[in-house]
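>
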Amino acid sequence: MHQAHSLRSVDLNLLVVLDALLTERHVSRAAARLNMSQPAVSHALARLRELLGDPLLVRQGGGLVPTIRALEIAQPLADALAGVRSVLGPQGFDPQGTRHRFRLSMSDYGGAMLLPNLVRDLRQHAPGIDLAISQFSREAMAAGVCDGDLDLGLGVFPVLPPQVKSELIINDDYACLLDRRTLEGKPLDAAAYFSRPHAMVAMRDDTINEVDETLARSGHTRRLALVLPHWGVAPELIADTDLILTVARGSLRDLVLGDHLIILPAPIPLPPVPYVQIWHKSRDRDPALRWLRARILQAAGRGAELQRKDG
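Each residue of the sequence shown is one higher than the one before, counting from 350 in my numbering.
#1: By how many angstroms is the C-alpha of Ser567 removed from the C-alpha of Ala475?
#2: Would you kindly work out how many angstroms separate the C-alpha atoms of Arg572 and Ala481, rounded to a whole number?
#3: Let me check one thing: in DSSP terms, what residues is Ser514 bridge-paired to?
#4: Indicate whether the contact test is met: 3 or more Cβ pairs, each with one atom in the segment 576-595 and one in the segment 495-508, closer than 8 Å.
#5: Out of His547, Asp522 and Ile518, state which residue places its alpha-carbon closest to the alpha-carbon of Asp528.
#6: What distance in whole Å lies between the Cβ atoms of Lys630 and Val468, which are believed to be in contact at a cut-off of 8 Å?
#7: Return the chain-ordered list of same chain residues with a C-beta closer than 6 Å to the C-beta of Ala539, the five sequence neighbours on each side being excluded.
#8: Evaluate the contact criterion for the segment 445-456 versus the segment 418-425: three or more CB pairs, one atom per stretch, below 8 Å.
#9: Among Asp633, Gly650, Ala648 and Gln647, which has the Cα closest to the Cα of Ala431?
#10: Cα separation between Gln626 and Ala461?
#11: Starting from Pro614, trace the beta strand (DSSP E) in both directions and tell me its first and last residue.
#12: At the level of alpha carbons, what is the spacing between Pro415 and Gly459?
#13: Would you identify the three-state DSSP class for Ala492, choosing helix, strand or coil?
#14: I'd like to know if the segment 397-404 and the segment 598-605 are in contact, where contact means that at least 3 CB-CB pairs between them fall below 8 Å.
#15: Is the segment 585-595 touching the segment 516-532 in the sense that three or more CB pairs, one from each, lie closer than 8 Å?
#16: Can you name the start and end residues of the alpha helix (DSSP H) that Asp479 belongs to?
#17: Taking Ser712 as part of the beta strand (DSSP E), name the residues at either end of that continuous run.
#18: Going by alpha carbons, who is nearest to Gly497 out of Pro623, Val376, Trp640 and Asn362?
#19: Would you decide whether Pro636 is buried or exposed? Buried here means 16 or more other CB atoms lie within 10 Å of its CB.
#20: At what residues does the beta strand (DSSP E) containing Arg450 begin and finish?
#21: Report the rounded CA-to-CA distance for Met385 versus Leu361, giving the unit in angstroms.
#22: Verify whether the separation of the beta carbon atoms of Val365 and Ala380 is less than 7 Å.
#23: Quick one, which of Gly477, Ser486 and Arg472 has its alpha-carbon nearest Asp457's?
#24: Could you please give me the residues that DSSP links to Met552 through a beta bridge?
#25: Under DSSP, the beta strand (DSSP E) around Ser393 begins and ends at which residues?
#26: Tell me whether Ala588 sits in a helix, a strand or coil according to DSSP, three-state version.
#27: Comparing alpha-carbon positions, which option in Ala648, Ser454 and Leu367 lies nearest Leu405?
#28: Per DSSP, what kind of secondary structure is Leu527 in: helix, strand or coil?
#29: Between Pro439 and the rest of its own chain, which residues show a CB-CB distance below 7 Å, the 5 nearest in sequence each way excluded?
#30: In terms of residues, what are the limits of the alpha helix (DSSP H) holding Val560?
#31: Please state whether DSSP places Asn466 in a helix, a strand or coil.
#32: Could you check the C-alpha separation between Leu501 and Glu516 for me, to the nearest Å?
Dropping the structure here:
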């Protein structure tokens, strides 16, 4: 059994380092988060191991994996530090005077709807805040949040692990992109929709998608003649073909339609598209992350307003 320590014998700065290590699970990333050198973080980890009588984090692959003892500590420690930060300042985070790097993952849709407003906001009001944006499948985003590799994931998540929390950003609806000439003057009704081939943008061709799940529940199927991961080229592939692309309406907001492409409402009942941001529940009271989530909501509000004007 490890030796107990009184509070006065503990350097509380070590607990801040431990919290960063448990969040990042990587010495260099924790050092960057804390604005410390890697040797200083490694030295602090060695002192923590001695203090708590446990390895706390062990090397595996390219990162660190927490021990059972570390996992037991993580949530109470995060809650305690969040409480201290809330006492020390009204927000617990000073965006104007802090250097901080956030790691986000989102699709082209999120990039189009959020990033222009968000980046302008940060450059004006929080110039020390850096963003690293990546793009993964929804499963990989959830895993990245769980593993501490991502601060936030943004997307549509029908199912989430229990340790992940979510917040609605935009409630969008589906629309169809097609070449108007292929309608031959006829409406796009349900019969025409199911008789034609379809395109889908997805990271993988086995991706669970809400459109086909909804169709299956009503006894319908559609032929996916094209599944591709590249949104940028998708509209160009619709022109001069009989393909239909069914996507969230917001992703078509800035599309230059030209003479032949047309956007129409989906002719079949489809659920709304709940675009959310997700984070690990251990970070729920993290002042920096709470601040960024609020800025994203503000950026999304302006994006949704533009979308309504375009619609």
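Backbone N, C-alpha and C define an ideal beta-carbon position, used for all residues, glycine too.
Taking the definition as stated:
#1: Going by the C-alpha atoms only, they are around 49 Å apart.
#2: Straight-line Cα distance between these residues: approximately 37 Å.
#3: Here residue 514 turns out to be Lys, not Ser, going by the sequence shown. DSSP lists Trp628 as partners of Lys514.
#4: Contact fails: fewer than three Cβ-Cβ distances are below 8 Å.
#5: Checked all of His547, Asp522 and Ile518; the closest Cα to Asp528 is His547.
#6: Rounded to the nearest angstrom, the Cβ distance from Val468 to Lys630 is 27 Å, too far for a contact under 8 Å.
#7: So the list reads Pro616 and Ile617, once near-sequence residues are dropped.
#8: Under the 8 Å Cβ criterion, the segment 445-456 does not count as touching the segment 418-425, having fewer than three qualifying pairs.
#9: Considering only alpha carbons, the answer is Asp633.
#10: Spanning the two alpha carbons is a distance of roughly 15 Å.
#11: For Pro614, the enclosing beta strand (DSSP E) covers residues Leu610 to Pro614.
#12: Between Pro415 and Gly459, the C-alpha separation is close to 32 Å.
#13: Ala492 falls in the helix class under three-state DSSP.
#14: Output reads no: the segment 598-605 does not touch the segment 397-404.
#15: The segment 516-532 is in contact with the segment 585-595.
#16: Where Asp479 is concerned, there is no enclosing alpha helix (DSSP H), although the beta strand (DSSP E) around it starts and stops at Ile478 to Ser483.
#17: Nothing about residue 712 can be reported from this structure: the residues present for the chain run from 350 to 660 only.
#18: Closest option to Gly497, Cα to Cα, is Val376.
#19: Per the 10 Å Cβ criterion, buried.
#20: Membership of Arg450 in the beta strand (DSSP E) is indicated by the continuous run His449 to Ser454.
#21: Answer to the nearest angstrom: the Cα atoms are 16 Å apart.
#22: Contact: no.
#23: Among Gly477, Ser486 and Arg472, the Cα nearest to that of Asp457 is on Ser486.
#24: Looking at the DSSP output, Met552 bridges to nothing.
#25: Inspection of the sequence shows that residue 393 is occupied by Ala rather than by Ser. Note, Ala393: premise wrong, no beta strand (DSSP E); alpha helix (DSSP H) at Gln387 to Leu401.
#26: If DSSP states are grouped into helix, strand and coil, Ala588 belongs with coil.
#27: If we check each option's Cα against that of Leu405, Leu367 comes out closest.
#28: In the structure shown, Leu527 sits in a strand (DSSP, three-state: E or B).
#29: Low confidence applies to Pro439: its pLDDT is 46, below 50, so where it sits in the model is not reliable enough to give any reading.
#30: Note, Val560: alpha helix (DSSP H), Glu559 to Arg566.
#31: The DSSP-derived three-state label of Asn466 is helix.
#32: It is roughly 11 Å from the alpha-carbon of Leu501 to the alpha-carbon of Glu516.
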